[in-house]
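Worksheet for the structure shown next.
Right under this line is the structure:
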């Protein structure tokens with residue numbers, strides 16, 4: 053499955069090579085290719101084994117080859133180009149406040165997705181339900197990710 057222009061994807065990567073570890077690193081990828089850049093932007097925070105979180109947003113041209121990638125999960129599609137700057141602004145809105153108690157990459161991502169939901173860019177009934185479905189998908193692909201089977205899957209979460 054190919055990435056779709058104007059789509060948002062949750063990127064799950066392994067945190068360990070243990071099949072029983074059901075945790076992931078959570079990131080957001082916005083696929084918006086241009087003539088000068090074929091990919092999009094990957095948004096995430098990292099803590100590098102410390103208690104301090106750092107913004108690690110960057111252009112990404114090969115998200116499907118991300119180290120330790122479990123899967124990509126499309127959560128929004130067809131975002132028109134005239135709203136791309138708004139997506140970027142909403143995702144980055146809390147980048148200066150990474151000292152919040154209990155913050156993790158998953159919590160940061162959930163907060164960003166909630167801002168996107170309030171702007172009508174992402175649709176889902178609750179952040180908890182969205183996270184649960186994505187975690188189930190991630191766990192279903194964990195073993196194949198440990199063995200680095202390629203290509204890595206692209207899933208799509210749909211709410212009726």
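Numbering (our numbering), first residue to last: 53 to 212.
Backbone N, C-alpha and C define an ideal beta-carbon position, used for all residues, glycine too.
Being a predicted model, the structure only gives us computed values, none of them experimental.
Residue i - DSSP class collapsed to helix/strand/coil
i: residue 117; result: helix
i: residue 125; result: strand
i: residue 83; result: strand
i: residue 136; result: helix
i: residue 209; result: coil
i: residue 187; result: helix
i: residue 161; result: helix
i: residue 196; result: helix
i: residue 66; result: strand
i: residue 60; result: strand
i: residue 167; result: helix
i: residue 55; result: coil
i: residue 142; result: helix
DSSP bridge partner residues for residue i (one or two, in chain order)
i: residue 95; result: 80
i: residue 110; result: 94
Nearest-angstrom beta carbon gap, residue j and residue i [assumed within contact, 8 angstroms]
i: residue 108; j: residue 142; result: Residue 108 to residue 142, Cβ: 18 angstroms. No contact.
i: residue 75; j: residue 67; result: 5 angstroms
Same chain only: Cβ atoms within 6 angstroms of residue i, ignoring 5 sequence neighbours per side
i: residue 69; result: 198
i: residue 55; result: 83
Same chain only: Cβ atoms within 8 angstroms of residue i, ignoring 5 sequence neighbours per side
i: residue 114; result: 91
i: residue 183; result: 158, 162
i: residue 116; result: 55, 124, 203, 204, 206
i: residue 168; result: 60, 128, 139, 142, 143, 174
i: residue 192; result: none
(message) Under 8 angstroms, with one C-beta from each stretch per pair, do the region 80-90 and the region 193-208 reach the 3-pair mark?
(response) Short answer: they don't touch.
(message) For the region 94-113 against the region 178-198, do three or more pairs of beta-carbon atoms, one drawn from each stretch, fall closer than 8 angstroms, so that the two count as touching?
(response) no
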